[in-house]
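From first to last, the protein sequence lines stand for chains G and P.
According to the numbering used here, the first sequence is numbered sequentially starting from 670.
According to the numbering used here, the second sequence is numbered sequentially starting from 88.
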Amino acid sequence: MIKKDLTKFAKYFTDYTELRVQENRNIHLAMVNGDMMGNSRSVNRGVSARVYKKGSWGFASNANISDDSIIKVIKTASENATYLNSKENLQKGELQKTDAKISKDFSTTKPRKTQKEMIEFLNIVDSHITEKYPELSSRTIVLSNLDMEKQMITSDGASTYSMTPRTILYTLMNIVKDGQPFELYEVYGGLGQFEDVFDDPRNLYPKLNKLYKHLNDKANGVYAKSGLKDCILDADLAGILAHEAIGHTTEGDIVKGGSVAGDFLGEKVADELVTLVDFAHTALGEQCPIPVYADDEGTKAEDAIIIENGVLKKFMHNKVTALHFGHDVTGNARAYGFHDEPLVRMRNTAILPGKSKLQDMIASIEDGYYLIKSSNGQADSTSEFMFGIVMGYEIKNGKLGKAIKDTTISGVAFDMLKTITMISDEMSWSCGGMCGKKQMIPVGMGGPAIKCKVNIGGK
Amino acid sequence: MNNKEIIRYAQASLLKAGAQKTKCNLIKKEKQEFNVAAGEISLFRTTFDTNLYLTALVDDKKGTVTLNNLDMENIDISAKQAVEMAISSKADKANEIAEQQPANEFVKEPTKPDLDKMYDRLVEFMAFAKEKHPKTIIEEINFDFTTSDSYLINSNGVDYFTKKGIYTFVVMFTSKEGKKTSSFNYVAHVTKELDKPFSKCGNIDKLLRESGEQLETKSIPENFVGDMIITPECLDEFVSYITGYLADYPLITKTSVFKDKLGKQIAKECFNLHSKPISDEIATSYYVTGDGYEAKDSTVIENGILKTFLLGLYGAKKTGEKRAVGSGCWEIDKGDKTLEEIIKSTKKGIILNRFSGGSPSDNGDFSGIAKNSYYVENGKIQFPISETMINGNLIEMMMNIEEISKERVNSGYNNYPWIKFNGLAISGK
């Protein structure tokens, strides 16, 4: 635990100042074909201060969190802000005042497991895989845990504490069919420390069976036929669409930098079936994968309803972009490490469920694809997006056909959203989302299945 | 304790806790950074970071703990934890540490930033971009000088120290005119000295100009199988795909398409790929590998023939193949045609400036979108393109290299020419 009395340092604040003490703790275990290729832990902690002077920011950080070091960090950040202000003289106005006072701790209350017990857990999962699926040419299991513990105060009176853990298990299976290698992965887990997320390895067995079936189907699959097709994007892809293709274009700093979404505020950008929200901590009555109750500028985090019934309603902001646009802050300022400044980041971004049944959606397509799993995704300031597809099936005459080999889909999100005609009534969250905008940070992405038209690559 | 005393104390602590073999690496970094956001220099920062990596081996079992709180009590606790983790793990004969080599120190200038010059170069670049490329928004610049002190010792007597500093300039930009928006693009330049304006480094000026042109894009006239000229800025992604197949994991799991290709032809004869970690030609040079060996320059692909895998110590022990003497700091030999001649000889194809694609499959198949790219027909650049997908296979592509340019761009972390490949499936909306 890093809890310190930070209020005693407030007397060193000269201008608007954020003071944050943070500790990130990681566990990484990697088992490859039964061998332990990774067995490590890390603790990275330190203090940072950020000072605002008429539009110029000064930032400083140090791994040493002694009182003397904290005072020096505040002074250096103030000097850096003064130095930059003397050079730039931007004459920007005051930032919106926020003073969240929130403490949230998601630490487990169960007795902590040792590294040995976690390795034993992997051993059991690995033994199950080798016993049940002897045809596999290779297998990899990675257990990864990140505990992010933050404490901060601001000169506006905010005082927050959070301990947000995430534990995920990544499983990769490889198989060779007719001399050709195929692979497929899945990620399990989510919010919580190991003890709360993985209490019994047997709970994973049905999921591993599904992964193996999908891999086998893919190995016997066909290449997709390229072109603009009717497709159903399952929850995993709807989530990445919400995050990559829409979410990023509506982040205040990206809008300020020229994103196409800047021209569309208040306009219809999607079919009216579509509502897209960046949830702060709770969605549809349930805890989100990455709950954020207060951001790293001391702002109470609220949901940002970005698209409501097809109309673009809101951008996500930190204090600077809110000032620039004359909007309210949304609690989206987040930093990954103690040495990082908060950027405009998403938290838990999702398209809301509709009323259709997945089976009816499949039945409504004569010639198209049901796309289930993505490897990665990227989007552009124009909202043109690309997602790698590693699992999917043909749809022929309203029924699922053969699995398809790896491919890519693409489109322009603000065009594609208008082609949505059906949204399923069930949604799910991806549990391992990591966003890489300057700093890596855990994010939640989710959605129902959506029926739309997208370009698909093929041979 | 000074840094040398800290790392020696850490090694002693690991041995005292029961480690049979140890590796300790202490890295201290100081960074001075200017940030530009949406055309304004908005943040200046100073950060100090420290990481101490403690690796313990017990009966061929390994555990590693990383910490940045370096008081003696915490080092002792972490050393004990590393040993306990090793004991909890599984024995693997491939877990080893580097054998003894003569101790060495590498101190490479500059080790201190010229802050005023940094600021002046940044202001100069912003003014240049505003005047010469008024439609282009400088979305973001991260410009830093980072110095690092790295100590690496192990219980076999390995003892290295490296001190170096480097300037890194990364700019991201988008053009905007009315409601028209271009695709964003970005470019990085790494250097040891600030001897010339960034607008004159590599293709930065050209890429900014092209961003303005890309406000107006068109679809390719028809789907076709044709040529793809990959620019030096975009080539790094494809080199990383190829070198990725030569690394520890795919070779250990035998999923690499090149697992049986050592000494065999994997690319056209004109293709030569070198790793130059200790060369002065590449600014991001390094002198000691992560495993604890002095780095050396090497040729990975010579006249199209695979000369070495890129295995670390563990991968080498695991596969029975040779350990690589270096990796990264890539350089590709130049060819004998100018870029203009290469474009002139292209009947139908694209110039690929940026690639947004899914990770290639184990068999080398890949697909993705051509970004910030141009359509070429009958030897002439026609127009910037949109919504264009490329499908290909990396293994086939390497055998289908048609031309390599005389010109190269040294970004400070690699040195690449333009390369023309043929036989790519290119499709529009």
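All residues carry an ideal CB built from backbone N, CA and C; glycine is no exception.
Owing to the predicted nature of the structure, the values given are computational and were not obtained by experimental measurement.
Residue i, DSSP secondary structure in three states
i, result
"Ser725 of chain G", "strand"
"Leu239 of chain P", "strand"
"Met968 of chain G", "First, the amino acid is wrong: residue 968 of chain G is Thr here, not Met. DSSP places Thr968 of chain G in coil when its eight states are reduced to three."
"Leu360 of chain P", "strand"
"Lys516 of chain P", "coil"
"Glu494 of chain P", "strand"
"Asp922 of chain G", "helix"
"Met222 of chain P", "Going by the sequence as given, residue 222 of chain P is Lys instead of Met. Lys222 of chain P: coil per DSSP, three-state reduction."
"Gln862 of chain G", "coil"
"Ser443 of chain P", "strand"
"Ala178 of chain P", "coil"
"His276 of chain P", "strand"
"Tyr892 of chain G", "coil"
"Ile365 of chain P", "coil"
"Tyr651 of chain G", "Shown here, chain G extends from 670 to 1128; a query on residue 651 of chain G therefore has no answer."
"Thr799 of chain G", "helix"
"Met1114 of chain G", "strand"
"Gln98 of chain P", "helix"
Residues bridged to residue i (per DSSP)
i, result
"Met842 of chain G", "G:Arg808 and G:Leu853"
"Gln820 of chain G", "G:Val690 and G:Tyr830"
"His697 of chain G", "G:Ser709 and G:Ser813"
"Thr999 of chain G", "Note: Thr999 of chain G sits in no beta bridge, so no partner."
"Ile901 of chain G", "G:Tyr1039 and G:Lys1120"
"Phe271 of chain P", "DSSP, once it has assigned bridges, lists no residue as partnering Phe271 of chain P."
"His912 of chain G", "His912 of chain G is not bridged to any residue."
"Asp774 of chain G", "G:Met832"
"Met88 of chain P", "According to DSSP, Met88 of chain P bridges with nothing at all."
"Leu945 of chain G", "G:Ile976 and G:Ile1020"
"Lys578 of chain P", "This structure does not reach residue 578 of chain P, given that chain P is present from 88 up to 516, and the question cannot be answered."
Inter-residue spacing [alpha-carbon to alpha-carbon] between residue i and residue j
i, j, result
"Gly890 of chain G", "Ile1041 of chain G", "14 Å"
"Gly724 of chain G", "Lys305 of chain P", "40 Å"
"Lys149 of chain P", "Ala173 of chain P", "4 Å"
"Ile798 of chain G", "Asn497 of chain P", "47 Å"
"Ser165 of chain P", "Tyr839 of chain G", "27 Å"
"Leu139 of chain P", "Asp158 of chain P", "11 Å"
"Tyr685 of chain G", "Gly921 of chain G", "21 Å"
"Asp147 of chain P", "Leu322 of chain P", "40 Å"
"Lys761 of chain G", "Leu154 of chain P", "40 Å"
"Ala729 of chain G", "Glu120 of chain P", "10 Å"
"Gln1108 of chain G", "Leu1012 of chain G", "9 Å"
"Gly422 of chain P", "Thr836 of chain G", "49 Å"
"Pro803 of chain G", "Ser269 of chain P", "50 Å"
"Val182 of chain P", "Tyr401 of chain P", "Here the sequence assigns Asn to residue 182 of chain P, which means Val is not the residue at that position. One C-alpha to the other measures close to 6 Å."
"Ser776 of chain G", "Ser1043 of chain G", "31 Å"
"Tyr721 of chain G", "Pro337 of chain P", "48 Å"
"Gly669 of chain G", "Cys900 of chain G", "As shown, chain G starts at 670 and ends at 1128. That puts residue 669 of chain G outside it, with no answer to give."
"Lys346 of chain P", "Met706 of chain G", "19 Å"
"Lys434 of chain P", "Ser492 of chain P", "17 Å"
Boundaries of the alpha helix (DSSP H) in which residue i is found, first to last residue
i, result
"Thr990 of chain G", "Lys988 to Phe994"
"Phe212 of chain P", "Leu202 to Lys219"
"Gln119 of chain P", "It is not in any alpha helix (DSSP H) - Gln119 of chain P instead sits in the beta strand (DSSP E) that spans Lys108 to Ala124."
"Val938 of chain G", "That residue, Val938 of chain G, is in no alpha helix (DSSP H); it is neither H nor E in DSSP."
"Asp246 of chain P", "Note, Asp246 of chain P: premise wrong, no alpha helix (DSSP H); beta strand (DSSP E) at Asp246 to Glu264."
"Ile976 of chain G", "Ile976 of chain G -> not in any alpha helix (DSSP H); beta strand (DSSP E) instead, spanning Ala973 to Glu977."
"Ser589 of chain P", "This structure does not reach residue 589 of chain P, given that chain P is present from 88 up to 516, and the question cannot be answered."
Enclosing beta strand (DSSP E) for residue i [first to last residue]
i, result
"Pro471 of chain P", "Lys467 to Pro471"
"Pro1111 of chain G", "Gln1108 to Pro1111"
"Ala457 of chain P", "Asp452 to Lys458"
"Lys480 of chain P", "Reading off the sequence shown, one finds Asn at residue 480 of chain P, where the question assumed Lys. Unbroken beta strand (DSSP E) run through Asn480 of chain P: Met476 to Asn480."
"Tyr140 of chain P", "Glu127 to Val145"
"Gly150 of chain P", "Lys148 to Leu154"
Contact test: residue i Cβ vs the ligand SAH heavy atom, cutoff 8 Å
i, result
"Tyr462 of chain P", "Ligands in the displayed structure: none, and consequently the ligand SAH is not present."
Worksheet item: In the region 1006 to 1080 of chain G, which residue ranges form an unbroken alpha helix (DSSP H) of at least 4 residues, counting only runs that do not cross its ends?
Response: Along the region 1006 to 1080 of chain G, the alpha helix (DSSP H) occurs as fully enclosed runs of 4 or more residues at 1027 to 1032, listed in sequence order.
Worksheet item: In the region 316 to 358 of chain P, which residue ranges form an unbroken beta strand (DSSP E) of at least 3 residues, counting only runs that do not cross its ends?
Response: List check, beta strand (DSSP E) in window: nothing returned.
Discussion item. In chain order, what are the residue ranges of uninterrupted alpha helix (DSSP H) at least 4 long that sit wholly in the region 373 to 439 of chain P?
Written reply: Segments of the alpha helix (DSSP H) lying fully in the region 373 to 439 of chain P: 400 to 406 and 426 to 431.
Practice prompt. Kindly provide the ranges of any beta strand (DSSP E) runs that are 3 or more residues long and lie completely inside the region 1085 to 1109 of chain G, ordered along the chain.
Written response: 1097 to 1099 and 1103 to 1106
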